[in-house]
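Single-structure report; data block below.
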Amino acid sequence: MLAVFGHLNPDTDAITAALVYARLLARQGVDAQAFRLGELNFETAFVLREAGVDAPALLPALEAGAAVALVDHNESAQSAPNLAELNVTRVVDHHKLGDLSTAQPPYLRFEPVGCTGTILLKLHREAGLSVEPLDARLMLSAILSDTLHFRSPTTTQEDRDAVAFLAPVAGIEDVEAYALAMFAAKSDLGDTPAETLLRMDYKVFPFGDVAAPQQWGIGVIETTNPAYVFGRQAELLAAMADVKAADGLAGVLLSVVDILNETNRTLVLGDAEAQVLGGAFGVSVDGPVADLGARISRKKQIVPTLEAYFAPQG
1 MLAVFGHLNP DTDAITAALV YARLLARQGV DAQAFRLGEL NFETAFVLRE
51 AGVDAPALLP ALEAGAAVAL VDHNESAQSA PNLAELNVTR VVDHHKLGDL
101 STAQPPYLRF EPVGCTGTIL LKLHREAGLS VEPLDARLML SAILSDTLHF
151 RSPTTTQEDR DAVAFLAPVA GIEDVEAYAL AMFAAKSDLG DTPAETLLRM
201 DYKVFPFGDV AAPQQWGIGV IETTNPAYVF GRQAELLAAM ADVKAADGLA
251 GVLLSVVDIL NETNRTLVLG DAEAQVLGGA FGVSVDGPVA DLGARISRKK
301 QIVPTLEAYF APQG
């Protein structure tokens, strides 16, 4: 059995890509099963509930050498803890190359598009297979999520074309209304514990010297109600401090992205984070919040800027 899974702290793309790719492989004669590496966020739970689909099971402990397929990620820090012992046979992703290494040549499919779902649609077409309505709904949901309904700078024309094709197959007549319903679900944070909010869309990145990089945790809360998030600012800063200490990180950042107004205000934990934000982005940091303007994409606007800032000189 081939285990198919997305990254830690999974988002809608990570979960739906695992489900869709596992089914696509099964239709091609591969014994594949989707799994997840963490709990669903509110948006993803909404998407699966509306589609009438159960969430994939948590990935069980796999023996060394077990065959796996990665979707929506390829960096070890964002994957299964024993990834180095597993046999990665396939990767379908839309992120930059990470530190993945394999013992045998794997199948790799990377494309600079806004979502793994866009690539999976291409794989259906290349295999000569029709797109099932359920898979169409899952892929469409992922594209809307990852591109913030085409607001994100990661959006490509291929993502727009994919949604135009998938919507009628999925039976979704009003794409905008559906996207807003997804974002409303994402924003309905209720009494969620602060650390859970921090880790919902959270990844750790190595910056600087390859031999001894600094590890930074970068979380994102995409919401239509940023006032609610900032109303819990003190709790979130405390959770950031706890995570930084517990995980031995050099810094922790939490970007609060206003989906509708396309702005980013980032919580600043302390002096180290303030110095880095000021130096990397050229912004004035006064207190616990930095205004990063329209930089709403961690993948395209936040992480690359930090990589350039930390890059060894000379």
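Take 1 as the starting number for the sequence shown in full-length UniProt numbering and just add one per residue. Just so it is clear, CB atoms sit at the ideal spot from N, CA and C, and this is done for glycine as well. Computed from a predicted model, the values in this text were never measured in an experiment.
For residue i, count neighbouring C-beta atoms within 10 Å of its own C-beta (all shown protein chains included) and say buried if the count is 16 or more, exposed if not.
i, result
"arginine 49", "exposed"
"arginine 125", "exposed"
"proline 81", "exposed"
"methionine 1", "exposed"
"glycine 190", "exposed"
"threonine 155", "buried"
"valine 210", "exposed"
"asparagine 261", "exposed"
"threonine 192", "exposed"
"threonine 147", "buried"
"glutamine 301", "buried"
Can you give the beta carbon distance from residue i to residue j, rounded, assuming they're within the 8 Å contact cut?
i, j, result
"residue 317", "glycine 251", "This structure does not reach residue 317, given that the chain is present from 1 up to 314, and the question cannot be answered."
"leucine 24", "leucine 120", "7 Å"
"alanine 170", "alanine 136", "4 Å"
"valine 220", "arginine 298", "5 Å"
"alanine 14", "alanine 34", "Incorrect: roughly 10 Å between the Cβ atoms, too far for contact."
"glycine 128", "aspartate 72", "Between aspartate 72 and glycine 128 the Cβ distance is about 24 Å, and since that is not below 8 Å, they are no contact."
"asparagine 87", "valine 113", "Not a contact, Cβ separation roughly 27 Å."
"residue 384", "glycine 38", "Only positions 1 to 314 of the chain appear in the structure, and residue 384 is not among them; the question remains open."
May I ask which residues mark the beginning and end of the alpha helix (DSSP H) holding residue i?
i, result
"threonine 44", "42–51"
"arginine 160", "157–170"
"residue 315", "The question about residue 315 has no answer, for the chain in this structure spans 1 to 314."
"glutamine 275", "271–281"
"alanine 34", "Premise fails: alanine 34 lies in the beta strand (DSSP E), 32–36, not in any alpha helix (DSSP H)."
"leucine 70", "Where leucine 70 is concerned, there is no enclosing alpha helix (DSSP H), although the beta strand (DSSP E) it sits in stretches over 67–71."
"leucine 236", "233–247"
Closer than 8 Å by C-beta to residue i: which residues in its own chain qualify, once you throw out the five before and the five after it? Chain order, please.
i, result
"phenylalanine 281", "Ala290, Leu292, Arg295 and Thr305"
"glycine 208", "Gln214, Phe310, Ala311 and Pro312"
"alanine 179", "Leu144 and His149"
"tyrosine 107", "Thr89, Arg90 and Val91"
On the DSSP letters alone, give me the boundaries of the beta strand (DSSP E) that residue i sits inside.
i, result
"threonine 223", "214–223"
"proline 206", "202–207"
"arginine 151", "Run containing arginine 151: none; DSSP gives neither H nor E here."
What does DSSP give as the partner residue(s) for residue i in the beta ladder?
i, result
"arginine 265", "Val256 and Asp291"
"leucine 58", "Arg36"
"glycine 251", "Trp216"
"asparagine 87", "Ala67"
I'd like the list of long-range same chain contacts for residue i, defined as Cβ closer than 6 Å, with 5 residues on each side in sequence excluded.
i, result
"alanine 64", "Glu85"
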